[in-house]
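Protein chains: 2
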Amino acid sequence: MSSEKPGNSRGEGPTATACAPGSKARVRDRIFETACDLFYRHGIHGVGVDAIVAEAGSNKMSFYRSFESKDALVIAYLREQEREYWAWWDAAVARFPGDPRRQVEALFEAQLEIAKSNNCRGCALGNAAVEISDDEDVLSNLVRAYKDQVRTRLHAMARAMGARDAESLGDALMLLLDGGYFTRLIFPRGSGPISAALPAARALVAAYLTAD
Amino acid sequence: MSSEKPGNSRGEGPTATACAPGSKARVRDRIFETACDLFYRHGIHGVGVDAIVAEAGSNKMSFYRSFESKDALVIAYLREQEREYWAWWDAAVARFPGDPRRQVEALFEAQLEIAKSNNCRGCALGNAAVEISDDEDVLSNLVRAYKDQVRTRLHAMARAMGARDAESLGDALMLLLDGGYFTRLIFPRGSGPISAALPAARALVAAYLTAD
DNA sequence: TACGTGAGTTACTAGTAAGTAACATGACGG
DNA sequence: CCGTCATGTTACTTACTAGTAACTCACGTA
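Here the protein sequences line up with chains A and B, keeping their order.
If you read the first sequence in this note's numbering, its first letter stands for residue 1, the second for the next number, and so on.
If you read the second sequence in this note's numbering, its first letter stands for residue 1, the second for the next number, and so on.
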């Protein structure tokens, strides 16, 4: 996911992920978008405040006028990634209302599509889970809630299909999905095992729908 | 993977992963084992040389007498993780010689077993792939080679089963495997979707073995 | 006893990161 | 024309990290 952000730049005040209520606009957005991009590409630990503001053509003071701390920025980043992810998910799913089987297929199709692009580095939230240590409560709770919701949604879809063991099918689909994100870090474009995700998902769904 | 190291401490000279040929023994091993443990638990970027030597009850000078640099240590760490991983893999597979279908099941059984333990933090090599940037050639080549071999082995097993589309089946199994490692970071013990990996693998194998 | 060696101690350099203070500039509205 | 507000600039503090220098200690062996 990730890649380019939607067009919330300029024109409608503070973004949904802001920190202060009636605050700045211009520079903050520029810094934030740059930060999202860099965090996604190089990881959270791998990008410093200096690098962000330099890339954004700004400076540290402007940064700290818009963000309380780097931690606050990271949280905003993760929230934004989550927002974009669900937007992407909903868009994929919305094409087949009432047809959970096609919806699942659409998800895997869309995932492969993104994985083929150059700037895909897997799942931003999942990657963050690797970087952060367990005692960073705010961050890990955020990621945990996200992953929980992925799982819940897949369970629901499996249930809507009338699968024999909806929990298990949903979990299996989640493994395929996350396996795709994880392996995408190593295998460029669509060259990794991710290209097998869609047929595997189809086969799994079929297997869990037939009584055995 | 990871958890406790095998007993290569003391008695047979330098370890397989050493850097200098006829070098030290005692302190080096202590530091190395500590480093492996800390790297695995907190990530490579998350652990400094000071923390390692402190935890090992040693000091920085002794560290730099045994290791050329932190980078060298990281490389040794990844090599060691890879060695342990294949030892684990071979052990799981060796229980069912000539029966690739049972071998695959054994892998997923063993994976779940480890995932249930407290100190499991998923796949060390895969996690490293998240942390390192693409331009760190030595490290990313190391991880890439490892992932390639996982894939190759799964392809071979799928082929040995006589699967219709062995490449696709092998890839799908890899997605399940890596999905399990990835999600394990968030879901403690066996609570995540990883518990669905074995039945899903079974179902996939069955689906790819029957002519459709 | 003397000496070599593996290991610990202290103290340092250099670089980088987060975060802050004080001041400068430039545009825009009244 | 003046003030204000958003932004840029320079320079700093603090803390941490990789890596090194110089010295000391303890132990085993010739």
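We put the beta carbon where it would ideally sit given N, CA and C, even for glycine.
Source: prediction; values computed, not measured.
With a cutoff of 8 Å on beta-carbon distance, B/F182 and A/F187 are scored as not near each other. Annotation for B/F96: R102, Q103 and A106 place their beta carbon closer than 7 Å to its own, counting only its chain and skipping 5 residues before and after.
Per DSSP, A/I52 is one residue of the alpha helix (DSSP H) stretching across V49 to E55. Within the same chain, and ignoring the five residues on either side of A/A35 in sequence, the residues whose Cβ sits closer than 8 Å to its Cβ are V47, I52, A56, L73 and Y77. Using a Cβ distance threshold of 8 Å, A/L125 and A/A163 do not count as a contacting pair.
If you draw a straight line from the Cα of A/Y85 to the Cα of B/F63, it is about 44 Å long.
In the assembly as shown, B/M161 is a buried residue. Its beta-carbon has 16 or more other beta-carbons within 10 Å. Annotated three-state conformation of B/T210 is coil, per DSSP. For A/E131, at least one C-beta of chain B is nearer than 8 Å to its own C-beta. Non-local beta-carbon contacts of B/L175 in its own chain, meaning distances under 6 Å to residues more than five positions away in sequence, are absent.
Distance from the Cα of A/D90 is smallest, within the candidate group A/R184, A/R41, A/N141 and A/A110, for A/A110.
Here the region 145-155 of chain B lies against the region 164-172 of chain B, with 3 or more beta-carbon pairs under 8 Å apart. B/Y40 is the residue among B/S66, B/Y40 and B/A206 whose C-alpha sits nearest the C-alpha of B/E80. Of the candidates B/E68, B/G122, B/G179 and B/E136, B/G122 places its Cα closest to the Cα of B/L185. Under the rule that a run must span 3 or more residues, no beta strand (DSSP E) segment is found entirely inside the region 164-209 of chain B. Taking the CA atoms as reference points, B/S195 sits about 48 Å from A/S58. If you check each beta-carbon in the region 153-182 of chain B against every beta-carbon of chain A, the ones closer than 9 Å belong to L154, D165, E167, S168, L169, G170, D171, A172, L173, M174, L175, L176, L177, D178, G179, G180, Y181 and F182. A distance below 8 Å separates the beta carbons of A/A197 and A/F108. Listed along chain A, the residues sitting closer than 8 Å to B/N127 by beta-carbon distance are V130. For A/N119, the closest of A/D29, A/V27 and A/L38 by C-alpha to C-alpha distance is A/L38. Beyond the five residues adjoining it in sequence on each side, A/V138 comes within less than 7 Å, by CB distance, of I75 in the same chain, given in chain order. Not a single CB atom of chain A sits nearer than 8 Å to the CB of B/R101.
Within the region 29-47 of chain B, the residues whose Cβ lies closer than 9 Å to any Cβ of chain A are, in chain order, R41, H42, G43, H45 and G46. When DSSP states are grouped into helix, strand and coil, B/R26 belongs to the helix group.
The beta-carbon distance between A/E131 and B/V130, rounded to whole angstroms, is 7 Å. This is short enough to meet the 8 Å contact definition. Short of 7 Å from the beta carbon of A/A200, and not among the five residues preceding or following it, lie these beta carbons of its own chain, in chain order: L176.
In the structure shown, B/I75 adopts helical secondary structure according to DSSP, grouped into three states. Contacts between A/A115 and chain B, judged by CB atoms closer than 7 Å, are missing: the closest CB pair is about 12 Å apart. Within a 10 Å sphere around the beta-carbon of A/R26 sit fewer than 16 other beta-carbons, which makes this residue exposed. The C-beta of B/K60 has fewer than 16 other C-beta atoms within 10 Å across all chains shown, which makes the residue exposed. Counting of Cβ neighbours within 10 angstroms places B/S66 among the buried residues, the total reaching 16 or more.
DSSP, read as helix, strand or coil, puts A/S117 in coil.
Not a single CB atom of chain B sits nearer than 8 Å to the CB of A/L139.
By the beta-carbon neighbour count (other beta carbons within 10 angstroms, threshold 16), B/R189 is exposed. Counting only Cβ-Cβ distances below 9 Å, A/R144 has contacts in chain B at I186 and F187, in chain order.
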